[in-house]
Amino acid sequence: MAVIKTEGISYVYGEGTPFRKVAVDNVDLSIDEGEFIGVIGHTGSGKSTLIQHFNGLLKPTSGSVYIDGERLWDDKNRLRAVRFKVGLVFQYPEYQLFEEDCYKDIAFGPKNMGLSEEEIDRRVRETAKLVGIKEETLHKSPFELSGGQKRRVAIAGVMAMEPKVLILDEPASGLDPKGRSRILGLIREYHKEKKNTVMLVSHSMEDVAKHCSKILVMNNAKVFCFDTPANVFHRAAELESMGLAVPQITRVFNRLRAMGCDISDDVYTVGFGRELLLKKLAAIKEAGR
Amino acid sequence: MLKDITIGQYFPGSSPIHRMDSRVKLVLTIAFIVMLFMAGNVYALSVGVIFTLVSFLISDIPFKMILKSLRPILLIIILTSILNLFFIRTGDVLWEWKFIKITEDGVSTAGFMTVRIICLIVGSSLLTYTTSPIDLTDGIERLLSPLKKIRVPVHELAMMMTIALRFIPTLIEETDKIMSAQKARGADLETGGLISRARALIPILIPLFVSSFRRAEDLAMAMECRCYHGGEGRTRMKQLRVHLVDFVAIFIVAAFIAGVVVMNIFF
Ligand SMILES: Nc1ncnc2c1ncn2[C@@H]1O[C@H](COP(=O)(O)OP(=O)(O)OP(=O)(O)O)[C@@H](O)[C@H]1O
Ligand SMILES: [Mg+2]
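Each protein sequence line maps, in turn, to chains A and B.
Counting from 4, one number per residue, gives the positions in the first sequence under my numbering.
Counting from 3, one number per residue, gives the positions in the second sequence under my numbering.
1) Expressed to the nearest angstrom, what Euclidean distance is found between the alpha-carbon atoms of Ser144 (chain A) and Asp248 (chain B)?
2) When the cut-off is 7 Å and only beta carbons count, does Pro64 (chain B) lie next to chain A?
3) Is it the case that the CB of Thr52 (chain A) approaches a heavy atom of ligand 1 more closely than 6 Å?
4) Residues of the region 243-254 of chain A in Cβ contact with chain B at a cutoff of 8 Å, in chain order, please.
5) Quick one: is Pro21 (chain A) near chain B, going by C-beta distance under 7 Å?
6) Taking only beta carbons into account, state which residues of the region 10-35 of chain B come closer than 7 Å to chain A, listed in chain order.
7) Step through the CB atoms of chain A and report whether any lies within less than 7 Å of the CB of Ile180 (chain B).
8) Would you identify the three-state DSSP class for Arg228 (chain B), choosing helix, strand or coil?
9) Taking the beta strand (DSSP E) that Met221 (chain A) falls in, what are its first and last residues?
10) With a threshold of 6 Å (Cβ to nearest heavy atom), would Ala26 (chain A) be considered close to ligand 1?
11) Output needed in chain order: residues of the region 112-130 of chain A with a Cβ under 8 Å from some Cβ in chain B.
12) What three-state label does DSSP hand Ser144 (chain A) in the structure shown?
13) In whole angstroms, give me the CA-to-CA distance for Ile136 (chain B) and Ile252 (chain B).
14) Can you give me, in chain order, the residues of the region 171-183 of chain A that have a beta carbon less than 8 Å from any beta carbon in chain B?
15) I'd like the span of the alpha helix (DSSP H) that includes Leu167 (chain B), first residue to last.
16) Straight-line CA distance for Met245 (chain A) to Leu141 (chain A)?
17) Output the boundary residues of the alpha helix (DSSP H) element that contains Glu209 (chain A).
18) Assuming Lys195 (chain A) is part of the alpha helix (DSSP H), what are its boundary residues?
19) Counting only beta-carbon atoms, is Ile7 (chain B) nearer than 7 Å to chain A?
20) How many angstroms separate the CA atom of Tyr12 (chain B) from the CA atom of Gly135 (chain A)?
21) Assuming Tyr366 (chain A) is part of the beta strand (DSSP E), what are its boundary residues?
22) Using a Cβ-Cβ cut-off of 7 Å, state whether Leu203 (chain A) counts as contacting chain B.
23) Is Ala7 (chain A) buried or exposed, if buried means 16 or more other CB atoms sit within 10 Å of its CB?
24) Taking the straight line between their C-alpha atoms, what separation do you get for Gly108 (chain B) and Phe89 (chain B)?
25) Alpha carbon to alpha carbon, how far is His56 (chain A) from Asn115 (chain A)?
26) Would you kindly report the start and end of the unbroken beta strand (DSSP E) that includes Val201 (chain A)?
27) Who are the near neighbours of Leu4 (chain B) in its chain, counting only those whose CB is closer than 8 Å to its CB and skipping five residues on each side?
28) Given a limit of 7 Å on CB to CB distance, which residues of the region 181-195 of chain B reach chain A?
29) Is any beta-carbon of chain B found at less than 7 Å from that of Gln99 (chain A)?
Set out below in structure tokens:
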């Protein structure tokens, strides 16, 4: 059964004012358990708005959202329970830190769930370890940390709730390449370890191609497509016309094909591309002999 | 939702009233208020009513907004009407019960006052509907600038007001975001007693303060980097200029004031 299912949801900002804006337009989706989904789309395509529907932060202007088969907004008192099931990490989550030390901040979510002291302690330490926050850092004020560390503490704060679905809105934005790959690496680690569903909003095709099992492409408030990376990147020309880029390595291979080289066109990670090229070269060498 | 709060109720548009100079609009609004208070009889007041209606039609502001501007003062309107109804005891008696006596004078005064208050609010809210807060402060600064002679820090006050106005939407947006982020972590903002609700605000207020201070520091730094040093000898990017619409508007208001005076004299 699908963990997240939406039926024709739309969301309009500023209805009845001159600033009216349809941010999500008639979206039907069905997301299965255990998947690692990448969400991409140009700026203002409605990604952030869409994901806020999945944990009941925004009420769709029309349509319904089902989490685990349960329709949201039928009973408002159930929304909090849904938020523990679907954890949402906002863009720049470090601005939500408020406690006097990191330990307490990570414990905020689990505490709201009403867990026992031991369970909270276990979860805080476990997630801190997972995201690479050292024991002594746990007792520092979050405001003393560097940007990347703050980001990791904030992400840990949501992970510690052990949500069935973890959604992250551009968790790597504004970090240096090392910070980026660290954050993405730890999210992948989390996915591998917990087998939970993960949804990752990102602007980087490379990141999405590398980590995700399925990709959701948003364009002008609508779902452009929701498919495996191979099928998505097959539509390179359409993606480019939307202002999105396919991964660089895919562009290289597309160009090679255009130049008349007989080579696969569903390459979207560097590792796989390298393998293919080596094979091809070996074959050429073989033929030349 | 928080974002539904409108502070400074500017309603963008391109009507002649929107295009007027904010200084002229301010002065004319004051003239309009004086005009309403000058009106001494029903005929004079109806001139004021016509002026209010015409201005609203020209301004292109939806009727809904008029009602919205009246809502906060509904209580005042009702209260003054009641006071006038029951406490004016001159004139023909219309209805009497024990010590309560309603007279013709009472009814007409109540009606007169109600219409005057409604016109007053509707007409002056037109100013805030058609002028962006920034233009408004700009206009106020200009009008008050003679006070600089007696060392009132007009420019500094206006700058503070502009900055505050500029950051109110940002602050609201930020609060909304932080609230959502904490709700996503299960913060419960809606239920519980007074104390637990006050406590639930901590996770929102602390990040909000932190980011406000950071923003203030950034802004101060950015202003200093651009050599901001107060109002002395400062020129403006947006020059306020009086255009044809403004002269037309001044003329119309003058005509209506004359109308009120004439009505006062002849009836
Ligand atoms: N609080 C709001 N009030 C009014 N309009 C909004 C609000 N938030 C977003 N919008 C509008 O809705 C549209 C979708 O915004 P959204 O934040 O969902 O885009 P996004 O895909 O997440 O973009 P980005 O990649 O820049 O984060 C945008 O056009 C934006 O201007
Ligand atoms: Mg976004």
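Backbone N, C-alpha and C define an ideal beta-carbon position, used for all residues, glycine too.
Short version:
1) For the purposes of this step, residue 144 (chain A) is taken as the residue at position 141 of the first sequence. For the purposes of this step, residue 248 (chain B) is taken as the residue at position 246 of the second sequence. Approximately 58 Å between the Cα atoms of the pair.
2) Counting from one through the second sequence, the residue named residue 64 (chain B) turns up at place 62. No, its Cβ sits nowhere closer than 7 Å to a Cβ of chain A.
3) The sequence position of residue 52 (chain A) within the first sequence is 49, counting from 1. Yes, since a heavy atom of ligand 1 falls inside the 6 Å radius drawn around the Cβ of Thr52 (chain A).
4) none
5) By 1-based counting over the first sequence, the position of residue 21 (chain A) is 18. Yes, because at least one Cβ of chain B sits closer than 7 Å to the Cβ of Pro21 (chain A).
6) Pro14
7) For the purposes of this step, residue 180 (chain B) is identified with residue 178 of the second sequence, where counting begins at 1. Yes, Ile180 (chain B) lies at the interface with chain A (some Cβ there is under 7 Å from its Cβ).
8) To locate residue 228 (chain B), count along the second sequence from 1; it is residue 226. Of the three classes helix, strand and coil, the one that applies to Arg228 (chain B) here is coil, per DSSP.
9) By 1-based counting over the first sequence, the position of residue 221 (chain A) is 218. Counting along the chain, the beta strand (DSSP E) containing Met221 (chain A) begins and ends at 217-222.
10) Counting from 1 along the first sequence, the entry for residue 26 (chain A) is found at position 23. At least one heavy atom of ligand 1 is nearer than 6 Å to the Cβ of Ala26 (chain A), so yes.
11) Gly112, Asn115, Met116
12) Here residue 144 (chain A) refers to the residue found at position 141 of the first sequence. Coil, per DSSP.
13) Locating residue 136 (chain B) in the second sequence gives position 134, where the first residue counts as 1. Locating residue 252 (chain B) in the second sequence gives position 250, where the first residue counts as 1. Answer to the nearest angstrom: the Cα atoms are 22 Å apart.
14) none
15) To locate residue 167 (chain B), count along the second sequence from 1; it is residue 165. 156-186 is the extent of the alpha helix (DSSP H) around Leu167 (chain B).
16) Reading the first sequence from its first residue, position 242 is the one you call residue 245 (chain A). Reading the first sequence from its first residue, position 138 is the one you call residue 141 (chain A). When rounded, the distance between both Cα atoms is 43 Å.
17) Within the first sequence, numbered from 1, the residue matching residue 209 (chain A) stands at position 206. Where Glu209 (chain A) is concerned, the enclosing alpha helix (DSSP H) stretches over 208-214.
18) Here residue 195 (chain A) corresponds to residue number 192 of the first sequence, with the count starting at 1. Note, Lys195 (chain A): alpha helix (DSSP H), 180-197.
19) Residue numbering aside, residue 7 (chain B) sits at position 5 when the second sequence is read from its first letter. Its pLDDT being 46, under 50, Ile7 (chain B) is placed unreliably in this model, and the value from its coordinates should be taken loosely. Chain A contact via Cβ: absent.
20) As a position in the second sequence, residue 12 (chain B) is number 10, starting the count at 1. As a position in the first sequence, residue 135 (chain A) is number 132, starting the count at 1. Roughly 49 Å separates the two Cα atoms.
21) Nothing can be reported for residue 366 (chain A), as the shown portion of chain A is limited to 4 through 292.
22) As a position in the first sequence, residue 203 (chain A) is number 200, starting the count at 1. Not an interface residue.
23) Residue mapping note: residue 7 (chain A) aligns to position 4 of the first sequence, counting from 1. First, the residue type needs correcting, since residue 7 (chain A) is Ile and not Ala in the sequence shown. Buried: at least 16 other Cβ atoms inside 10 Å.
24) Your numbering for residue 108 (chain B) matches position 106 in the second sequence. Your numbering for residue 89 (chain B) matches position 87 in the second sequence. C-alpha separation (whole angstroms): 7 Å.
25) Taking the first residue of the first sequence as 1, we reach residue 56 (chain A) at position 53. Taking the first residue of the first sequence as 1, we reach residue 115 (chain A) at position 112. Distance between the alpha carbons of His56 (chain A) and Asn115 (chain A) is about 21 Å.
26) Translated into the one-based positions of the first sequence, residue 201 (chain A) becomes position 198. Element bounds for Val201 (chain A): 200-204.
27) Counting from one through the second sequence, the residue named residue 4 (chain B) turns up at place 2. Legend: pLDDT at Leu4 (chain B) = 48, less than 50; position of this residue unreliable, no value from coordinates given.
28) Ser182, Ala183, Gln184, Lys185, Ala186, Arg187, Gly188, Ala189, Asp190
29) Counting from one through the first sequence, the residue named residue 99 (chain A) turns up at place 96. True, the Cβ-Cβ gap to chain B drops below 7 Å.
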